[in-house]
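*Asks:* Residue numbers for the sequence shown, in mature numbering (1 follows the signal peptide of the UniProt record, and there is no 0): -26 to -1, 1 to 587.
The beta carbon of each residue, even a glycine, is placed where N, CA and C say it ideally should be.
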Amino acid sequence: MTQRFYSSIPLISAAALALMVGGACKTVVLPGNDSGDETEGTGGTTAGGGTDGGSSTGGDGEQGEANCGELSAQTLNILDKNCKQCHGADSAALGSINYITNLDALISNGKVVPGEPNNSAIYRRMAATMLPMPPEGQEPRPSEDDIRVVEQWIGECAGVTGCGENPWMTRTQVIDLIRNDLLNTQEISADARPFIRYFSLVHLYNYGWCDDQIEIYRHALSKLANSLSNEIKVVAPVPIDPDKLIFRIDIRDYDWDAPGRVLDIETNTFVEEFRDTWELIANKDPYAIEFIGDSAEDVKQATNTKFFLLQADAFVEVSAQPPLYHDILRIPRTRFELEQSFGIDVDANVTEEIETNPNRVARAAFHESGVSENHRVIERHDFPNASNRVYWISYDFQSNAGDANVFVDPFGFVEDGSEIIYSLPNGLQGYMIVDGQGVRIDDAPIQIVQDKNAPDGVVRNGKSCMGCHNVGMINKEDDLRWEIDNNLGEGDFDDNQLDAVRALYPKRDDYNVLLALDSDRFNLAVKSAGVPLGGDKEPIVTVFNAFDEDVEIRRAAAELWTTETTLREKLGQLSPDLDDLGKSQTGVRRDVFTAAYADAICQLKVGITKACK
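1) Looking only at DSSP bridge pairs, what is Y365 linked to?
2) Exposed or buried, which one is F385 when buried takes at least 16 other CB atoms within 10 Å?
3) Kindly indicate which three-state DSSP category M447 falls into: helix, strand or coil?
4) Whose C-beta lies closer than 7 angstroms to the C-beta of G581 among residues of the same chain, with five residues either side of it excluded?
5) If you pair each beta-carbon of the region 190 to 208 with each one of the region 394 to 406, do three or more pairs fall below 8 angstroms?
6) Which residues share a DSSP beta bridge with Q403?
7) Out of P114, L178, R171 and S46, state which residue places its alpha-carbon closest to the alpha-carbon of residue 589.
8) Which runs of the alpha helix (DSSP H), 4 residues or longer, sit entirely within the region 104 to 139?
9) Does DSSP put Y97 in a helix, a strand or coil?
10) Quick check: the Cα distance between L534 and E189, rounded to an integer number of angstroms?
11) In its own chain, which residues sit with a C-beta less than 8 angstroms from the C-beta of N348, not counting the 5 before and 5 after it?
12) Please list the segments of the alpha helix (DSSP H) lying wholly inside the region 216 to 272, counting only runs of 4 or more residues, in order along the chain.
13) Rounded to whole angstroms, what's the CA-CA distance from D356 to K501? Just pull it up for me.
14) Are the beta-carbon atoms of I407 and W366 separated by less than 8 angstroms?
15) Output the distance between the C-alpha atoms of Y261 and E393, rounded to the nearest integer angstrom.
16) Would you kindly report the start and end of the unbroken beta strand (DSSP E) that includes V335?
17) Can you list, in chain order, the residues of its chain with a C-beta nearer than 7 angstroms to that of A572? Leave out the 5 residues immediately preceding and following it.
18) Based on the DSSP output, what are the partners of D417 in its beta bridges?
19) Specify, as a first and last residue, the run of the alpha helix (DSSP H) that S315 falls within.
20) I need the straight-line Cα distance from E543 to L578, nearest angstrom please.
21) Considering only their Cβ atoms, is the gap separating P211 from L195 smaller than 8 angstroms?
22) Comparing C-alpha positions only, which one of D229, L202, S201 and H193 sits nearest to K218?
23) Taking all protein chains shown into account, decide if V245 is buried (16 or more other Cβ within 10 angstroms of its Cβ) or exposed.
24) Give the DSSP-derived three-state secondary structure of I582 in the structure shown.
25) Using the Cα positions of F381 and N331, report the straight-line distance between them to the nearest angstrom.
26) Rounded to whole angstroms, how far is the Cβ of D272 from the Cβ of R153, which I believe are closer than 8 angstroms?
27) Could you pull out every residue in the same chain whose Cβ sits closer than 8 angstroms to the Cβ of E253, ignoring the five residues on either side in sequence?
28) Thinking C-alpha only, which one of L77, R145, Q147 and K55 is nearest M107?
29) Report the residue ranges of all alpha helix (DSSP H) runs contained in full by the region 161 to 201; include only those spanning at least 4 residues, in chain order.
30) For my contact list, M440 and I514 are in at a C-beta cut-off of 8 angstroms; report their separation, rounded to the angstrom.
31) Just to confirm the assignment, what range does the alpha helix (DSSP H) spanning Q147 have?
32) Comparing C-alpha positions only, which one of D78, R354, G376 and K426 sits nearest to S368?
33) Can you tell me which of the three DSSP states L283 falls into?
34) Please name the residue in T49, V86, G84 and G182 whose C-alpha comes closest to that of E118.
35) Could you spell out where the alpha helix (DSSP H) holding F518 opens and where it closes?
36) Taking the beta carbon of D510 as the centre, do at least 16 other beta carbons fall within 10 Å, making it buried, or is it exposed?
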């Protein structure tokens, strides 16, 4: 097995660092002496060799430490922008570096020497006047200010992570908190208890993360839960503890009390059925645990489920992409079935718009877009009898030749695939990708569209769409109508065709009004979920990508509801695939950890999973 090398300090994922700004982060002291669930403590070693509770870089307390959070985020963004194309995870790994956006790996592999910029290869190459990196003439490249930021980060902040002496939260404490909330919260009636469920971020806290770092996980949880809802209201999960690490939901708020079904796309039949959608989610979540013990039994009896608590970021990972994304939202096999469920007849609507122009359909065409180098057409339909909902469909092409050239034939083109965005009842958005026949697919063909934020460039339904449409519809101006109105069009159109174009393709200003209307409606729903608007990092995608990063032993222990000391002692009882966790400066790939997780939970006697015999 290939070993992954890291520094010996507790790691902060690159994706989380990108969102960490400000905050009084201090050197972490993680538990290292307790060997069981009931023993608490914060003994252990401090990150980067500092003293307990202080910064290993010295300085004057919170101001300098807060700057480290900002400098780390700035450094990561600089490397991501200027260096990732040659040294990123999916690059050609020039110079044997394909981890340029993993700050911890840069340290552990000697490319960054904490406190010594001039001895750090990354800084020396960026600052060099001869043979700099990126090479002369290559764009983008870091500015002088960017290079100074990297220098300051290496000199003052590299190797500094963590957030104070977080008292370890045991699973017994967590389950007791849940039991108390469930049975003693006045607004939860006995009749409501069977619909109450919980999500946990405790593992991040036990790992030593700052509240600022965890905050985006809270946002991702709320935004995703509401983006998987077929109910009419936005309802944010409710924290039940002062640190906002455990969240309560009522599955009825998201229509998750409806039966959960798995659709086989080939036969268009349901091949698995569950009592409700939560049971479907838990069944497909490889991190789902049936907890044991007296308090857990009380909770299971009251909620009528074995799986009353799920790990929040694992939920994001499994639910923000197919197949579960499709099954939770009950997205059918074809776009035509989806349109029929909305009462939308696309062809009839287009014909009506051309003939009578009721302003219920609007198209725009582009020579290229942010996801495609070929022509693209997007089309907006109003929902009948629902003034607050809309249906958008794109028509995408593998080339611009023949019947794919929409600028020659704006009506008779033949698309190779489509992407669909539709308003959910609560104002957030649902997504669907289909092939040229309108059949649902999980991933869009990369020769048609690309996700520039994904390591492999593949547009995956759900999470790719959420990342691209972070603030709703993307404002891009139509080319077709504008070129025709300015006598620049490619096609040879008669008067009837010109009238049809002008009926179906509105002027840029009118089209932009529709985009703004739909984006405002979406952003209002996002805000109602308690998620800040804008920003350069979409929370669901950020958490999704962070979860996929490699796992070292402290993180593994936190997710296994045990301590690092206990995990080291018991590694020999677990899958050999996890052996690298016990070696200095190594970790395992997330997929390896996921495959071994359920069995490890059984062996550590944390709870019951599918792997328990």
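*Replies:* Short version:
1) Here residue 365 is taken as the residue at index 391 of the sequence shown, counted from 1. Y365 pairs with H355 and Y396.
2) On the sequence shown, residue 385 is found 411 positions in, with the first residue counted as 1. It is exposed - the Cβ of F385 has fewer than 16 other Cβ atoms within 10 Å.
3) Taking the first residue of the sequence shown as position 1, residue 447 is located at position 473. M447: coil per DSSP, three-state reduction.
4) On the sequence shown, position 607 is the one that residue 581 refers to. For G581, where only same-chain residues beyond five positions count, the Cβ hits under 7 angstroms are I263, E264, F265, I266 and I575.
5) yes
6) One-based indexing of the sequence shown puts residue 403 at position 429. For Q403, which the question treats as bridged, DSSP gives the partners S397.
7) In this structure the chain extends from -26 to 587, so residue 589 is not present and cannot be described.
8) 118 to 126
9) In the sequence shown, residue 97 corresponds to position 123, counting from 1. Correct three-state label for Y97: helix.
10) Translated into positions along the sequence shown, residue 534 becomes position 560. Translated into positions along the sequence shown, residue 189 becomes position 215. Taking the straight line joining both Cα atoms gives about 22 angstroms.
11) By one-based count along the sequence shown, residue 348 stands at place 374. Here the set comprises E342, D370, F371, Q372, S373, N374, A378 and I422.
12) Within the region 216 to 272, the complete alpha helix (DSSP H) runs of at least 4 residues are 251 to 258.
13) Counted from its first residue, the sequence shown places residue 356 at position 382. Counted from its first residue, the sequence shown places residue 501 at position 527. Approximately 23 angstroms, taken between the alpha carbons.
14) For the purposes of this step, residue 407 is taken as the residue at position 433 of the sequence shown. For the purposes of this step, residue 366 is taken as the residue at position 392 of the sequence shown. Not closer than 8 angstroms, so no.
15) Taking the sequence shown and counting its residues from 1, one reaches residue 261 at position 287. Taking the sequence shown and counting its residues from 1, one reaches residue 393 at position 419. Straight through space, the alpha carbons of E393 and Y261 are spaced by roughly 31 angstroms.
16) On the sequence shown, residue 335 is found 361 positions in, with the first residue counted as 1. Residues V335 to F340.
17) Reading the sequence shown from its first residue, position 598 is the one you call residue 572. Cβ neighbours of A572 beyond the five flanking positions: P260, T583, K584 and A585.
18) Taking the sequence shown and counting its residues from 1, one reaches residue 417 at position 443. In DSSP, D417 forms a bridge with R434.
19) For the purposes of this step, residue 315 is taken as the residue at position 341 of the sequence shown. Looking at the DSSP string, the run of the alpha helix (DSSP H) that includes S315 is R309 to F316.
20) Against the sequence shown, residue 543 aligns to sequence position 569. Against the sequence shown, residue 578 aligns to sequence position 604. Rounded to the nearest angstrom, the two C-alpha atoms are 11 angstroms apart.
21) Residue numbering aside, residue 195 sits at position 221 when the sequence shown is read from its first letter. Residue numbering aside, residue 211 sits at position 237 when the sequence shown is read from its first letter. Yes, they are a contact pair.
22) The residue you call residue 218 lines up with position 244 of the sequence shown. Measuring from the Cα of K218, the nearest candidate turns out to be H193.
23) What you label residue 245 is simply residue 271 of the sequence shown in a count that begins at 1. V245 counts as exposed, since fewer than 16 other C-beta atoms from the protein chains shown sit within 10 angstroms of its C-beta.
24) Residue mapping note: residue 582 aligns to position 608 of the sequence shown, counting from 1. It is a strand residue.
25) Stepping through the sequence shown from its first residue, residue 381 is reached at position 407. Stepping through the sequence shown from its first residue, residue 331 is reached at position 357. Rounded to the nearest angstrom, the two C-alpha atoms are 21 angstroms apart.
26) Counting from one through the sequence shown, the residue named residue 272 turns up at place 298. Counting from one through the sequence shown, the residue named residue 153 turns up at place 179. Sure, about 5 angstroms apart at Cβ, within 8 angstroms.
27) Counting from one through the sequence shown, the residue named residue 253 turns up at place 279. The answer, listed in chain order, is G234, T279 and F281.
28) Position 133 of the sequence shown, counted from the first residue, corresponds to residue 107. The shortest Cα separation from M107 among L77, R145, Q147 and K55 belongs to K55.
29) When DSSP assignments are scanned along the region 161 to 201, the uninterrupted stretches of alpha helix (DSSP H) that are 4 or more residues long and fall wholly within it turn out to be 176 to 180 and 185 to 201.
30) Translated into positions along the sequence shown, residue 440 becomes position 466. Translated into positions along the sequence shown, residue 514 becomes position 540. At roughly 5 angstroms, the Cβ-Cβ gap stays under 8 angstroms, so M440 and I514 are in contact.
31) Counting from 1 along the sequence shown, the entry for residue 147 is found at position 173. Looking at the DSSP string, the run of the alpha helix (DSSP H) that includes Q147 is R145 to N158.
32) Stepping through the sequence shown from its first residue, residue 368 is reached at position 394. When each option's Cα is compared against that of S368, the closest is R354.
33) For the purposes of this step, residue 283 is taken as the residue at position 309 of the sequence shown. In this structure, L283 counts as strand in the three-state DSSP scheme.
34) By one-based count along the sequence shown, residue 118 stands at place 144. Nearest of T49, V86, G84 and G182 to E118, Cα basis: T49.
35) For this step, residue 518 is matched to residue 544 along the sequence shown. Here the alpha helix (DSSP H) through F518 covers P513 to F521.
36) On the sequence shown, position 536 is the one that residue 510 refers to. D510 comes out exposed.
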